[in-house]
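Chemist: One structure coming up, written as structure tokens, with questions to follow.
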Amino acid sequence: MPIRAVAYASEAIREIAADGLGQTEGKLCAIVDDAARFNRNAGVTGVLLFDGEHFLQYLEGPEDGLSVAYSRVIGASSHTGLVELQRGRVGHRRLPFWPMRWLPAELHELGRIAEADWTDFAQGERTAEQGPSGMDLLMGAVKQQVAAI
Ligand SMILES: Cc1cc2nc3c(=O)[nH]c(=O)nc-3n(C[C@H](O)[C@H](O)[C@H](O)COP(=O)(O)O)c2cc1C
Numbered sequence: 838m839p840i841r842a843v844a845y846a847s848e849a850i851r852e853i854a855a856d857g858l859g860q861t862e863g864k865l866c867a868i869v870d871d872a873a874r875f876n877r878n879a880g881v882t883g884v885l886l887f888d889g890e891h892f893l894q895y896l897e898g899p900e901d902g903l904s905v906a907y908s909r910v911i912g913a914s915s916h917t918g919l920v921e922l923q924r925g926r927v928g929h930r931r932l933p934f935w936p937m938r939w940l941p942a943e944l945h946e947l948g949r950i951a952e953a954d955w956t957d958f959a960q961g962e963r964t965a966e967q968g969p970s971g972m973d974l975l976m977g978a979v980k981q982q983v984a985a986i
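In structure tokens form, the structure reads like this:
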């Protein structure tokens, strides 16, 4: 079954930003629990990076499930200023591990990922001159948090 993916960046509303990083309760956890519940049924997996103010999310899954999950994201009032970085087909899942999981990231790190090249979801295919792709940086940030993958 073809797998599609989407990556976007957005800004958390004040109520979430005020919760701070590392908080185990609060609105962010409720959002991620709700997202994971939906995604599990829809066959969607991915990750949500959060620096205390901004989100950068990567979602992948079958087209029908992914498009409903992404419309739920677009319709959510807990963030604003959503900017789609890339949407399209991927050859295989990059993050099959979690129906959804949030991971902390540094402020400058999220900015760097969002501003990187998101022409496609290519990974590890670039010259030193080109520098890392958005997907390279996203995977690097995830691996930094979760050493096992
Ligand atoms: C940053 C963020 C990421 C989300 N990720 C997903 C997701 O992966 N799948 C999904 O079905 N819904 C996702 N949602 C939607 C939430 O699960 C939830 O339905 C929504 O946030 C609740 O509405 P509200 O934000 O208007 O209170 C996301 C919402 C936000 C704000």
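In the working numbering, the protein residues as written are 838 to 986.
Backbone N, C-alpha and C define an ideal beta-carbon position, used for all residues, glycine too.
Remember, it's a predicted structure, so these values are computed and weren't measured experimentally.
(1) Please write down, chain order preserved, every residue whose beta carbon lies under 6 Å from a heavy atom of ligand 3.
(2) What distance in whole Å lies between the Cβ atoms of F887 and L922, which are believed to be in contact at a cut-off of 8 Å?
(3) Within the continuous beta strand (DSSP E) that includes E921, where are the two ends?
(4) Please identify the residue among G968, A984, T917 whose C-alpha is closest to the C-alpha of R851.
(5) Between the C-alpha atoms of Y895 and D856, what's the straight-line distance to the nearest angstrom?
(6) Using only CA atoms, which one of I840, M838, S847, P839 lies nearest to A951?
(7) Under the DSSP definition of a beta bridge, which residues are partnered with Y845?
(8) What separation, rounded to the nearest whole angstrom, lies between the Cα atoms of E966 and I853?
(9) Do the CB positions of R924 and V979 come within less than 8 Å of each other?
(10) Kindly list the residues whose CB is nearer than 8 Å to the CB of A913, restricted to its own chain and excluding five residues on each side of it in sequence; keep chain order.
(11) On the CB-based measure, 16 or more other CB atoms within 10 Å of its CB, does I911 come out buried or exposed?
(12) Rounded to a whole number of angstroms, what is the C-alpha to C-alpha distance between L903 and F892?
(13) With a Cβ-Cβ cutoff of 8 Å, do M937 and A849 count as a contact?
(14) Give the straight-line distance between the Cα atoms of V983 and D957, rounded to the nearest whole angstrom.
Modeler: The relevant details are as follows:
(1) Of the ligands one can find in the structure shown, namely ligand 1, none is ligand 3.
(2) That pair is no contact at about 16 Å.
(3) 916-927
(4) T917
(5) 22 Å
(6) S847
(7) Q894, E921
(8) 38 Å
(9) no
(10) I868
(11) exposed
(12) 18 Å
(13) no
(14) 24 Å
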